[in-house]
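Undergrad:
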Amino acid sequence: MVALHVEESGSGEPLLLIHGWGMHGGMWGSAAERLARDFRVIAVDLPGHGFSVGRDLSRHSGDVGINPDLPLDSIVDELSARFGEPLNLCGWSLGGQIALRWAQRHPQQVRRLVLVTSTPCFVRQPGWDCAMAADTLAEFAAALEQNYALTLRRFLALQVRGSENERELLVELRNALFSRGEPELAALQSGLNILRDCDLREALPQIAQPALVIAGERDTLTPPDASRHLAERMPQAQLVLVEGAAHAPFLSHPDRFVACIKDFLEERT
70 MVALHVEESG SGEPLLLIHG WGMHGGMWGS AAERLARDFR VIAVDLPGHG FSVGRDLSRH
130 SGDVGINPDL PLDSIVDELS ARFGEPLNLC GWSLGGQIAL RWAQRHPQQV RRLVLVTSTP
190 CFVRQPGWDC AMAADTLAEF AAALEQNYAL TLRRFLALQV RGSENERELL VELRNALFSR
250 GEPELAALQS GLNILRDCDL REALPQIAQP ALVIAGERDT LTPPDASRHL AERMPQAQLV
310 LVEGAAHAPF LSHPDRFVAC IKDFLEERT
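The working numbering puts the first residue of the sequence shown at 70, with every later residue one more than the last.
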């Protein structure tokens, strides 16, 4: 096993960036560099992604209380053990679910939350229509088994679909995707299991930390209605809708993205 790969820059309030499914900590692009002008930015590669490779995700780790039957809690507990200090968390997509669960599971460790194009539940349920059909996710998982590199590239196209500067963004994402090597298939499958099974809707009223929910107006993977639900159900949440953005507003609209986070983290409560 290898240690989680972590990169730090800047100084001040700690801001941990948690990437989405199949990605790595380098995907935040120039937004991370710009945030580091005002904060201590910490970008992590999740287990089995980027430079955090070589892990057996099925093994139990008594040191950090990882439960192999609950992949989301496994990741949360591993991150919690790695970062002992109170943090501001910024989670993108699947990273947003990790941040939410972290705030619920270890509330004393989370100061503020930034949830970027995320959702409490990725899969459509009775009474929950702003999500992906279960059959679509199953087809995606099957394609992953056949050719996961190609499947990831197709996933990138879905992330930028409809965004302003869509073609340029797709090139940027594709150039960055495998810049730290290919993610492990086991980690990708574990992430899909989280997307399939995780439903944090009932936990939202328990999330007491101040939260900023950033949605992309044109996001088809996590529709804006899911972000609105997040903001409405958490006691101290506010919603920002980035016009013209799809699933990666930190790349398509970095000025707006950075300014919103800066204003939010510098609020005095």
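Ideal Cβ placement from N, Cα and C applies to all residues, glycine included.
Whole angstroms are fine: how far does the CA of P189 sit from the CA of Q275?
TA: For the purposes of this step, residue 275 is identified with residue 206 of the sequence shown, where counting begins at 1. For the purposes of this step, residue 189 is identified with residue 120 of the sequence shown, where counting begins at 1. The alpha-carbon atoms of Q275 and P189 are separated by roughly 13 Å.
Undergrad: Compute the Euclidean distance between the alpha carbons of E208 and R106, then round it to the nearest angstrom.
TA: Locating residue 208 in the sequence shown gives position 139, counting from the first residue. Locating residue 106 in the sequence shown gives position 37, counting from the first residue. Taking the straight line from one Cα to the other gives about 42 Å.
Undergrad: Bridge partners for D114 per DSSP, in chain order?
TA: On the sequence shown, position 45 is the one that residue 114 refers to. The partner list for D114 (beta bridge, DSSP) reads H74.
Undergrad: Per DSSP, L182 forms a beta bridge with which residues?
TA: Taking the first residue of the sequence shown as 1, we reach residue 182 at position 113. Looking at the DSSP assignment, L182 forms a beta bridge with L158, A280.
Undergrad: Which whole-angstrom value describes the C-beta separation of R230 and A315, a residue pair presumed to lie in contact below a C-beta threshold of 8 Å?
TA: As a first step, residue 230 must be located in the sequence shown, where it is residue number 161. As a first step, residue 315 must be located in the sequence shown, where it is residue number 246. Going by Cβ atoms, the distance from R230 to A315 rounds to 6 Å, so yes, they are a contact pair.
Undergrad: Provide the residue span of the beta strand (DSSP E) that contains A306, from first to last.
TA: Within the sequence shown, numbered from 1, the residue matching residue 306 stands at position 237. Looking at the DSSP string, the run of the beta strand (DSSP E) that includes A306 is 306-311.
Undergrad: Can you give me the Cβ contacts of L261 inside the same chain, cut-off strictly under 6 Å, excluding the 5 residues immediately before and after it?
TA: The sequence position of residue 261 within the sequence shown is 192, counting from 1. Counting only Cβ-Cβ distances below 6 Å, and skipping sequence neighbours, we find A210.
Undergrad: Could you tell me the distance, in whole angstroms, from the CA atom of E271 to the CA atom of K331?
TA: Position 202 of the sequence shown, counting from 1, holds the residue named residue 271. Position 262 of the sequence shown, counting from 1, holds the residue named residue 331. So the two alpha carbons sit approximately 29 Å from each other.
Undergrad: In its own chain, which residues sit with a C-beta less than 7 Å from the C-beta of I329, not counting the 5 before and 5 after it?
TA: Within the sequence shown, numbered from 1, the residue matching residue 329 stands at position 260. It is worth fixing the name first, because residue 329 is Cys in this sequence and not Ile. So the list reads L281, I283, V309, once near-sequence residues are dropped.
Undergrad: Can L104 and V311 be called in contact, C-beta distance under 8 Å?
TA: To locate residue 104, count along the sequence shown from 1; it is residue 35. To locate residue 311, count along the sequence shown from 1; it is residue 242. Taking 8 Å as the Cβ cut-off, L104 and V311 do not qualify as a contacting pair.
Undergrad: For the candidate residues E77, I167, R297, whose alpha-carbon lies nearest to that of E199?
TA: Within the sequence shown, residue 199 is the residue found at index 130, counting from 1. Strictly speaking, residue 199 in this sequence is Cys, with Glu absent from that position. Among E77, I167, R297, the Cα nearest to that of C199 belongs to R297.
Undergrad: According to DSSP, simplified to helix, strand and coil, what is G285?
TA: As a working note, residue 285 is residue 216 in the sequence shown. Strand.
Undergrad: By alpha-carbon positions, which one of V185, P323, A256 ends up nearest to F120?
TA: Translated into the one-based positions of the sequence shown, residue 120 becomes position 51. It is A256.
Undergrad: Among P323, F319, S321, D268, which residue has its Cα nearest to the Cα of L299?
TA: Position 230 of the sequence shown holds residue 299. Selected option, being the one with the closest Cα: D268.
Undergrad: Can you list, in chain order, the residues of its chain with a C-beta nearer than 7 Å to that of L254? Leave out the 5 residues immediately preceding and following it.
TA: By one-based count along the sequence shown, residue 254 stands at place 185. Closer than 7 Å at Cβ, skipping near neighbours: Y217.
Undergrad: Are R109 and L84 touching if we call contact CB-CB under 8 Å?
TA: Looking up residue 109 in the sequence shown gives position 40. Looking up residue 84 in the sequence shown gives position 15. Against a cut-off of 8 Å, the Cβ pair of L84 and R109 comes out as a contact.
Undergrad: DSSP state of V192, grouped into three classes?
TA: Your numbering for residue 192 matches position 123 in the sequence shown. Correct three-state label for V192: strand.
Undergrad: Using a 10 Å radius around the Cβ and a threshold of 16 neighbouring Cβ atoms, would you call S259 buried or exposed?
TA: Taking the first residue of the sequence shown as position 1, residue 259 is located at position 190. Its Cβ being crowded by 16 or more others within 10 Å, S259 is buried.
Undergrad: Have a look at Q194 and S80 and give me their C-alpha separation to the nearest angstrom.
TA: Here residue 194 refers to the residue found at position 125 when the sequence shown is read from its first residue. Here residue 80 refers to the residue found at position 11 when the sequence shown is read from its first residue. Approximately 43 Å between the Cα atoms of the pair.
Undergrad: In terms of residues, what are the limits of the beta strand (DSSP E) holding L25?
TA: For the chain, the structure presents residues 70 to 338; residue 25 sits outside this window and is missing.
Undergrad: Could you tell me the alpha carbon to alpha carbon distance between A277 and P140, rounded to whole angstroms?
TA: In the sequence shown, residue 277 corresponds to position 208, counting from 1. In the sequence shown, residue 140 corresponds to position 71, counting from 1. Roughly 24 Å between the two C-alpha positions.
Undergrad: Just verifying my parser: in three-state terms, what is the DSSP assignment at W90?
TA: Along the sequence shown, read from residue 1 onward, the residue named residue 90 stands at position 21. Looking at W90 - three-state DSSP - the assignment turns out to be coil, as it is neither helix nor strand.
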